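First residue of the sequence shown: 8, per the numbering used here; consecutive thereafter. A short worksheet on the structure shown next.
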Amino acid sequence: MSTAPSSKVPPFDPRDPIGIDDLLSAEDLAIRDTVRAWAADRVLPHIAEWYENGELPGIRDLARELGSLGALGMSLEGYGCAGATAVQYGLACLELEAADSGIRSLVSVQGSLAMYAIHRFGSEEQKQRWLPGMAAGEIIGCFGLTEPDHGSDPAGMRTHARRDGEDWVLSGRKMWITNGSVAGVAVLWAQTGEDGAGAGIRGFVVPTDAPGFSAPEIRHKWSLRASVTSELILDDVRLPADAVLPGVTGLRGPLGCLSHARYGIVWGAMGAARASFEAAVDYARTREQFGKPIGGFQLTQAKLADMAVELHKGILLAHHLGRRMDAGRLRPEQVSFGKLNNVREAIEICRTSRTILGANGISLEYPVMRHATNLESVLTYEGTVEMHQLVLGKALTGLDAFR
Numbered sequence: 008m009s010t011a012p013s014s015k016v017p018p019f020d021p022r023d024p025i026g027i028d029d030l031l032s033a034e035d036l037a038i039r040d041t042v043r044a045w046a047a048d049r050v051l052p053h054i055a056e057w058y059e060n061g062e063l064p065g066i067r068d069l070a071r072e073l074g075s076l077g078a079l080g081m082s083l084e085g086y087g088c089a090g091a092t093a094v095q096y097g098l099a100c101l102e103l104e105a106a107d108s109g110i111r112s113l114v115s116v117q118g119s120l121a122m123y124a125i126h127r128f129g130s131e132e133q134k135q136r137w138l139p140g141m142a143a144g145e146i147i148g149c150f151g152l153t154e155p156d157h158g159s160d161p162a163g164m165r166t167h168a169r170r171d172g173e174d175w176v177l178s179g180r181k182m183w184i185t186n187g188s189v190a191g192v193a194v195l196w197a198q199t200g201e202d203g204a205g206a207g208i209r210g211f212v213v214p215t216d217a218p219g220f221s222a223p224e225i226r227h228k229w230s231l232r233a234s235v236t237s238e239l240i241l242d243d244v245r246l247p248a249d250a251v252l253p254g255v256t257g258l259r260g261p262l263g264c265l266s267h268a269r270y271g272i273v274w275g276a277m278g279a280a281r282a283s284f285e286a287a288v289d290y291a292r293t294r295e296q297f298g299k300p301i302g303g304f305q306l307t308q309a310k311l312a313d314m315a316v317e318l319h320k321g322i323l324l325a326h327h328l329g330r331r332m333d334a335g336r337l338r339p340e341q342v343s344f345g346k347l348n349n350v351r352e353a354i355e356i357c358r359t360s361r362t363i364l365g366a367n368g369i370s371l372e373y374p375v376m377r378h379a380t381n382l383e384s385v386l387t388y389e390g391t392v393e394m395h396q397l398v399l400g401k402a403l404t405g406l407d408a409f410r
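Printed below as a string of structure tokens:
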């Protein structure tokens, strides 16, 4: 029996085709819109120039503004942090990466890596000393795990910390460190030799003005160009005994931080995809070939439909994982599921959007190529495609294929 359409059914919204906004509270929407407006005012007018020049000028001012928004350490409680939900933090990541992956990376490394490590594993003294200033954006933090020869296998790291009386002395190098050369504090992971097979890895809270610490900036990047990326060099950096993070030993410390940061990427990648998709839709409506807008051709509409499906499936997946995190039920394997799917699909959306824009797709007048090249880095950092495939493969089969 047919039923007459309800008068309560809203009209179709091309920007929210499956009604995901209905899942969001008024507070969720207000936070999203606040971050979107900030990015539109402070990032979008300048980002093409920053990207072209390979710089992020005024990063300290941006950090303070993000602190004022409550976006730094957003989902953490106390110490000046906003105490937002995981979904609200995810919405912020989506809006920031819709502007540029480098801006979302600044926030993710600050909040989900450096601040999260101190908040979860630090002493009360470490929390009081560092977190309020980091939440306000007055202190920028970085997180040092990856090394020149050890990325996917952090257990093999060569950076080491040795005891010298009551002090610790750190030596080694870290590579591809976001915020490194502008940071006031670094959370660094090092082998202590206390146990084998990575069990002796410890975290250290390192003021970057400590003698022996240096952070030369990495140049000549073709991705994440509007982001500060550095090498960290530790030349017998002497630290007091209370510099060590007391709450964790072994790889579960840094890997727990990475899982929290990867969650933000699940949302953020969809921001880059959304910006590219919207650019393609707008272009298809106005660009004319053969006497009509290209959006009126079947092949173009097929591309737009497929992109819309993957984009909003990805946002729905991110939302689901966020609700699980808020309920304390999110597993690392589920974060791998989200990161693997959403970054991979986001890159494909950017590439397909580029085909709709044709030659204009490579111009910085449009965001598409910038997002595509940024996502090549996002695809690799905090777990490559292959590593997340193996995480899921192990979870599905019970068999470890890492070694």
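Ideal Cβ positions, reconstructed from N, Cα and C, are used throughout, including at glycine. Please read all numbers here as calculations on a predicted model, not as lab measurements.
Buried versus exposed, by CB contacts within 10 Å (16 or more), residue i
i	result
GLU104	buried
ASN349	buried
PRO374	buried
ARG361	buried
TRP57	buried
GLU295	exposed
GLY335	exposed
LEU324	buried
GLU238	buried
PHE297	exposed
ALA197	buried
Beta carbon of residue i nearer than 9 Å to that of residue j
i	j	result
SER130	GLY254	yes
GLU352	ALA276	yes
SER32	LEU113	no
ALA143	LEU63	no
GLN133	ILE146	no
GLU393	SER221	no
ALA106	ALA46	yes
ARG49	LEU101	no
VAL42	LEU83	no
LEU382	CYS357	yes
HIS378	ILE27	no
GLU173	PRO52	no
From the options, residue whose alpha carbon lies closest to that of residue i
i	options	result
LEU328	PRO300, TRP274, ASP107	TRP274
GLY74	TYR86, ASP156, PRO64	TYR86
ILE240	CYS264, GLY298, LEU265, LEU177	LEU177
ALA217	HIS53, ARG269, ALA193, ALA233	ALA193
VAL213	GLU59, GLY200, GLY191	GLY191
MET164	LEU382, LEU258, PHE297, SER32	LEU258
TRP183	ALA162, GLU173, THR153	THR153
GLY109	LEU382, CYS357, GLY345, LEU231	LEU231
SER370	PRO21, ILE27, GLU59	GLU59
HIS267	VAL398, ASP313, GLN396, LEU337	LEU337
ASP23	LEU386, ALA312, LEU382, LEU364	ALA312
ILE25	MET332, VAL316, ASN381, GLY368	VAL316
ASP243	TRP175, MET376, THR293	TRP175
THR380	PRO261, ALA408, SER283	SER283
ARG330	GLY405, ALA250, PRO17, LEU30	LEU30
ILE272	GLY210, THR359, PHE344	PHE344
CYS264	PRO339, GLU224, GLY303	PRO339
THR199	GLN396, ALA168, TRP229	ALA168
GLY187	GLY140, ASP171, ALA162, ILE225	ILE225
THR236	GLY207, ASP171, PHE150	PHE150
GLU372	GLU34, THR92, ALA286, TYR96	ALA286
Per DSSP, cross-strand counterpart(s) of residue i
i	result
HIS167	SER178, GLN198
ALA6	There is simply no residue 6 to check, as the chain begins at 8 and stops at 410 in what is shown.
GLU224	SER237
VAL192	GLY148, PRO214
ILE184	SER237
VAL251	PHE211
HIS157	GLU154
GLN296	LYS299
Residue interval of the beta strand (DSSP E) (run including residue i)
i	result
PRO214	208-214
ASP242	236-246
CYS149	148-151
Boundaries of the alpha helix (DSSP H) in which residue i is found, first to last residue
i	result
CYS100	93-106
ILE38	33-49
CYS264	259-293
ILE301	Where ILE301 is concerned, there is no enclosing alpha helix (DSSP H), given that its DSSP letter is neither H nor E.
ASN381	375-387
GLY74	66-76
GLY128	According to the sequence displayed, residue 128 carries Phe and not Gly. Segment 123-128, the alpha helix (DSSP H) holding PHE128.
LYS134	131-142
ILE54	54-60
PRO116	According to the sequence displayed, residue 116 carries Val and not Pro. Run containing VAL116: none; DSSP gives neither H nor E here.
GLY400	392-404
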